[in-house]
Every structure is written in structure tokens, then in C-alpha cells.
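Residue numbering for the sequence shown is 376 to 624, as defined by my numbering. Glycine included, every Cβ here is placed at the ideal spot set by N, Cα and C. Here is the structure we will look at.
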Amino acid sequence: MKGTNGIQVIARAARVLRALEAHPRGLTSSELAEEVGLARSTVHRIAAALAEECLLVNSTPGGGYRLGPALASLATAARRELLLELHPDLVRLAEAANETVDLAVLDGSRVLFVDQVPVPRRLAAVSAVGMAFPAHCTANGKALLAALTDAEVERLLPAQLDAETPQTITSRRALFEELDQVRAEGVAYDREEHTPGIAAVGAVVGSPRGAMAAVTIPLPAERFYGNETSLAATLLQACRTMRRTLEAG
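Right under this line is the structure:
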């Protein structure tokens, strides 16, 4: 029974942390209790314990909370693990596909590029490491959003989905329908939705420690259309290898 109670406490703490992730300015205890569906007294005890470990900090004089610096350190360490362990697999994928390969993580409603393996081709899709694009119109962004629940996605998305190109999905309903398809197929596509003339296929990999990233193959649209199936198969096979790499690490 004690072990079961411990697991329940951890699960509730995770719900509190996820709720605050979508509210960077913080929430009061009452708002947080409503957000996670727990009693205010329960939330207060959990938040106080997390604050002692610097996973949360007070955001308002009235007792509100926001994510703390220790959580950022853990996230940075997890991302560093992904970078170090996955780079050789990214190189092999770039060689197999003969296309640029990107690694990106979710940063609010945007995707942040953290690694890239370019290929020496006359026409290639290249984005600088450190750049961030809207998640709703990119293959890596949609792959990462599909790994979340609809409620989590709704909290992350901006009020308006801006059109980057005529192909961008700007309807919430259409986007959620596409995310359902991504969940079913395990792969996401960008059909010139962010940049005219550039398409991409993307999928998610995650580490046992909870870090999650998207691997994408961006390429000129002329080499994408008609090759979507083979590109997706190559990517998914590589992602299976990457998951084994992370599990063994």
C-alpha cells in the first residue's frame, strides 16, 4: 500500500509540473488545484514539497507558484544527453537518406533546433541550430505536439495559428485532426506549410529519463512529393535505432 501511495504522489506531482509548464507566469494554489483536478490542500502540500527542492518557486506574494530553476537544470541535462547520444545516429540517417537531418525540441508553442547534419547537395534544406519555428506548421512541431494530450496541446498553442504560407493549417479543428493521424501513423509531415518549396517528414524519439525530441528530414519539395512513403520508412527505422541507443545509454 505504501508503494502505491508513493506512485500516486509522484503522478500528482507530475500533473502539477505539467500544468505549470503551460503557465510560465505561474498559478495560484486555487488555480492550480482547478487545473489538475485536486483539492487545494493536496496541491499546496505537493507544491510546498517541490518548492523545497527548487522545482517550483513562489511567483506572487499571495502564494502562487511557477517552475523553478532546478527543473530547468534537469531539462538542460536531459537535452544534452539526447545531443550526445543521438548525433552518431543522425549522421547515419543523413547518409541513408542523402538529405539533411534535424533534431529539435519543443519550446512552448515553437520548436527549437538543437542539432543538424547537413548533406553536400546542390539543393538542400538547411536551418541553423538555435532557430525556432512555430510548432503547428512544421513536421517536427506536429510530431512533438502529437506526443502530448489534446488538452496539453491546447494550452501550448497561441490564440491564433498564423499562416506562414498558403499551405499552413490555421484551423484548430484541422490541426487536431492531423495530430490524430500523426499518432496513428507515428510520422508527421510538413507539406510546404512553413516555407514555400520546402517539405519535411518527422517523428519523435524519447529517452527513458523523459527527454523528448523530434527527428526530421527536411528537403526541397521536388524531392519530397512521390517519395513520402520511402522517406517515412527510412526515418521510422532510424528512430527505432535511436530509441534503442537511448535505452542502452
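- From the listed residues G412, Q612, R441 and V384, the smallest Cα separation to T403 is found for R441.
- Per DSSP, reduced to three states, the secondary structure at V466 is helical.
- At least 9 Å separates the beta-carbon of A574 from that of L554.
- Residue state for P444 is assigned as helix, using DSSP reduced to three classes.
- One thing to note: I592 has its Cβ within 9 Å of the Cβ of D477.
- Burial is judged here by how many other beta carbons sit within 10 angstroms of a residue's own beta carbon; A549 has fewer than 16 and is exposed.
- Taking I421 as the centre and dropping the five residues before and after it, the same chain places the C-beta of R387, A388 and V391 closer than 7 Å to its C-beta, in chain order.
- Taking the Cα of V494 as reference, the smallest distance to any Cα among E603, Q383, L468 and R619 is reached at L468.
- Within the same chain, and ignoring the five residues on either side of A426 in sequence, the residues whose Cβ sits closer than 8 Å to its Cβ are V432, N433, Y440 and G443.
- Between T543 and C512 the beta-carbon gap is near 5 Å, inside 8 Å, which marks them as a contact.
- Following the DSSP letters along the chain, one finds T620 inside the alpha helix (DSSP H) bounded by residues E603 to A623.
- One Cα belongs to L531, the other to R615, and the distance between them is close to 27 Å.
- Burial state of A607 is buried, judged by a 10 Å Cβ sphere holding 16 or more other Cβ atoms.
- Across the structure, E409 and G401 are spaced so that their CA atoms are roughly 14 Å apart.
- For the pair M587 and L461, the CB atoms are not nearer than the 9 Å cut-off.
- When the five nearest sequence neighbours on each side are left out, the beta carbons in the same chain lying within less than 7 Å of the beta carbon of D525 are those of F551, in order along the chain.
- Exposed is the label assigned to V466, since fewer than 16 other Cβ atoms lie within 10 Å of its Cβ.
- Following the DSSP letters along the chain, one finds N473 in no alpha helix (DSSP H), marked with neither H nor E.
- Secondary structure of D555 (DSSP, three-state): helix.
- In this structure, A563 lies away from A534, with their beta-carbon atoms at least 9 Å apart.
- About 7 Å separates the beta carbons of D537 and P509, which is inside the 8 Å limit, making them a contact pair.
- The Cβ-Cβ distance between V579 and F599 does not fall below 9 Å.
- If you ignore the 5 residues before and after A471, its C-beta comes within less than 8 Å of the C-beta of T609 and A613, all in its own chain and listed in chain order.
- Relative to V486, the option among A423, V504 and T545 whose CA is nearest is V504.
- Boundaries cannot be given for D537, as no alpha helix (DSSP H) includes it and DSSP labels it neither H nor E.
- Non-local beta-carbon contacts of H419 in its own chain, meaning distances under 6 Å to residues more than five positions away in sequence, involve S404 in chain order.
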